[in-house]
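Residue numbers (this note's numbering): 2 to 635. Think of the CB as a built atom: it goes at the ideal place given N, C-alpha and C, for glycine as much as any other residue. This report refers to the structure that appears directly beneath it.
Set out below in structure tokens:
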């Protein structure tokens, strides 16, 4: 979990003091590495479970984290995340042996059950999913930022680095998402199951490079984040969402390279873990500070292990998908870990543990199988594989050892599961655990089914029967139902309308309901053209906009009929400008559906253009309400 005792850098003196401590920490780590201070005779695993909170009835994001933590104050393993609709728990570190994975599953379930008991008092549930299907853009307003010093400082500091005017999100899958946002809180979309593997310093370079190579296959088999704001995007949209949500760069007319703080890396590491820390200090400015009283150089001189808090604070603001971590074990020795941030939360706890077991087994097995993975794969291929897996998930095809092309499923079934099995057997993990969790991975690959594919297939089917918002609500309810039984996703049936009967549209906003795939006209268009357009597309209303997308009028079916009669009688051409309603009644995207209905009734109109700062962004018509009502009655 992130260090909470931090603050925004207030002045140059504070910055200089923090940077000095940061450099001392680097020297201290180098000294400890060179003098064999690090623990190297044990392998441990650990995990962090992120989750999203949802209202029981609506299945929408519930900003109840602070109230939940107040009820959970006796349980220090429960912690905040950046948004008030998220929580995080930490698993107890376990030695990699015997029944460690089934023990981790049991502990995770017990903690989640305790959390749910407390959440019941708030009429809220937890949900494990990479991105909550029902999450709305307005949920990411800064009013939902967790009210703690660390998060406010982080948001302020990231904003201070922003080169452009806003944060741009652009993702393309079956659908498209092109939207801007005014703060980095968009990162709160993402929830993951972060797995930690302790490694010895002498093995760190080899194993870290292996973790980079394995990022693609573990991503492909575990992808669980295909839906964002009702759009079908990447199979693991969380990867792009996280990078773009805090990406302070903008476009220029030059080719200068600037790295995003969320990144996969640019090359293999060669010497030690210090390669990564040096790179991150060199590339990324310090964002936040901490009141650090420890002098790591003095502690080293006294033969005491320093906490390296400055280094850890800076490390927590650079988001590598495989991140190095420094810690101090209960025996007082320092240790190194690789934190896998690739794996999403969900679909169920048993799926998460299967992902963890598969990754840890591959890491250990591949370390024995290869002396130097950089000789078998180019880093360009590794990075390309990672991006492919993020986009296409289990449907991906990879460039593998010795320039071989192989599908994700074939690679996992024929090569990686046997390697993982050997890696786990080496550490004497119980055969029962190995068979159970690797068996889940095997069945996913054989059935070509993971969380992302299940969501995409279910949503596409539901979307043909009900509105997008209702489809997302039913999908979320179905995830929750299957998750509560702790059933692996390859056994889930597609989501059905019967999975949730409590859909209630009262909380809907215009932005949830409006049509955004618009056909529009401009003032100088011929009426005959608009008439054909309305006939072809079966439209009763067409908004009129200028070349900048600003709403300047509205044409109705009646306007067109009257205009065509005049054209026929007088034999002249007419343009939109001559017949359009020049000041149409409009509504904001943030208003409720009931407000839209009342406004249409009061104004005796059948259409409401939706505008933001005079820009046309959608439309709501009486036909939408009729279809909506029909679905609810059905």
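For a test of the three-state rule: what should DSSP assign to residue i, helix, strand or coil?
| i | result |
| --- | --- |
| residue 182 | strand |
| residue 44 | coil |
| residue 531 | helix |
| residue 90 | strand |
| residue 306 | coil |
| residue 275 | helix |
| residue 218 | helix |
| residue 315 | helix |
| residue 366 | helix |
| residue 3 | Note on residue 3: pLDDT 49, under 50, position unreliable in the model; the coordinate value appears next. Coil, per DSSP. |
| residue 61 | coil |
| residue 344 | coil |
| residue 504 | coil |
| residue 333 | coil |
| residue 607 | coil |
| residue 542 | strand |
| residue 175 | coil |
| residue 572 | coil |
Compute the Euclidean distance between the alpha carbons of residue i and residue j, then round it to the nearest angstrom.
| i | j | result |
| --- | --- | --- |
| residue 608 | residue 504 | 25 Å |
| residue 626 | residue 125 | 29 Å |
| residue 622 | residue 548 | 24 Å |
| residue 57 | residue 269 | 46 Å |
| residue 17 | residue 165 | 27 Å |
| residue 119 | residue 263 | 34 Å |
| residue 20 | residue 311 | 8 Å |
| residue 309 | residue 249 | 27 Å |
| residue 473 | residue 394 | 21 Å |
| residue 152 | residue 81 | 10 Å |
| residue 2 | residue 313 | Low confidence applies here, because residue 2 scores a pLDDT of 45, under 50, leaving its location unreliable; read the following figure in that light. Going from the Cα of residue 2 to the Cα of residue 313 covers about 11 Å. |
| residue 476 | residue 65 | 22 Å |
| residue 121 | residue 260 | 43 Å |
| residue 69 | residue 438 | 32 Å |
| residue 523 | residue 469 | 29 Å |
| residue 360 | residue 458 | 26 Å |
| residue 335 | residue 33 | 9 Å |
| residue 420 | residue 366 | 5 Å |
| residue 648 | residue 570 | Given a span of 2 to 635 for the chain in the structure shown, any question on residue 648 remains unanswerable. |
| residue 12 | residue 181 | 30 Å |
| residue 276 | residue 461 | 45 Å |
In the DSSP assignment, find the alpha helix (DSSP H) that holds residue i and state where it starts and stops.
| i | result |
| --- | --- |
| residue 85 | Here residue 85 belongs to no alpha helix (DSSP H), and DSSP marks it neither H nor E. |
| residue 324 | Premise fails: residue 324 lies in the beta strand (DSSP E), 323-329, not in any alpha helix (DSSP H). |
| residue 22 | 13-35 |
| residue 107 | 101-121 |
| residue 285 | Residue 285 -> no alpha helix (DSSP H), and no H or E assigned at all. |
| residue 380 | 380-393 |
Thinking C-beta only, is residue j closer than 8 Å to residue i?
| i | j | result |
| --- | --- | --- |
| residue 338 | residue 199 | yes |
| residue 1 | residue 561 | Not covered by the structure: residue 1. The range shown for the chain is 2 to 635. |
| residue 343 | residue 214 | no |
| residue 593 | residue 492 | no |
| residue 61 | residue 471 | no |
| residue 127 | residue 52 | yes |
| residue 224 | residue 451 | yes |
| residue 186 | residue 146 | yes |
| residue 208 | residue 30 | no |
| residue 211 | residue 368 | yes |
| residue 345 | residue 103 | no |
| residue 233 | residue 328 | no |
| residue 316 | residue 341 | no |
| residue 586 | residue 556 | no |
Taking the beta strand (DSSP E) that residue i falls in, what are its first and last residues?
| i | result |
| --- | --- |
| residue 408 | 405-408 |
| residue 550 | Taken as a continuous stretch (DSSP letters only), residue 550 belongs to no beta strand (DSSP E), as it is neither H nor E. |
| residue 126 | 125-128 |
| residue 401 | 398-401 |
| residue 616 | 616-622 |
| residue 438 | First-last for residue 438: 432-448, but that is the alpha helix (DSSP H), not the beta strand (DSSP E). |
Measuring alpha carbon to alpha carbon, tell me which residue in the options is nearest residue i.
| i | options | result |
| --- | --- | --- |
| residue 243 | 611, 83, 335 | 83 |
| residue 521 | 426, 455, 618 | 618 |
| residue 94 | 197, 580, 115 | 197 |
| residue 638 | 501, 430, 599, 587 | A query on residue 638 cannot be resolved here, the shown segment of the chain reaching from 2 to 635 and no further. |
| residue 517 | 306, 616, 327 | 616 |
| residue 238 | 72, 90, 391, 286 | 391 |
| residue 25 | 537, 541, 297 | 297 |
| residue 123 | 134, 301, 71 | 71 |
| residue 400 | 379, 415, 417 | 379 |
Does residue i have its Cβ less than 8 Å from a Cβ in chain B?
| i | result |
| --- | --- |
| residue 309 | Absence of chain B from the displayed structure is noted, only one protein chain being present. |
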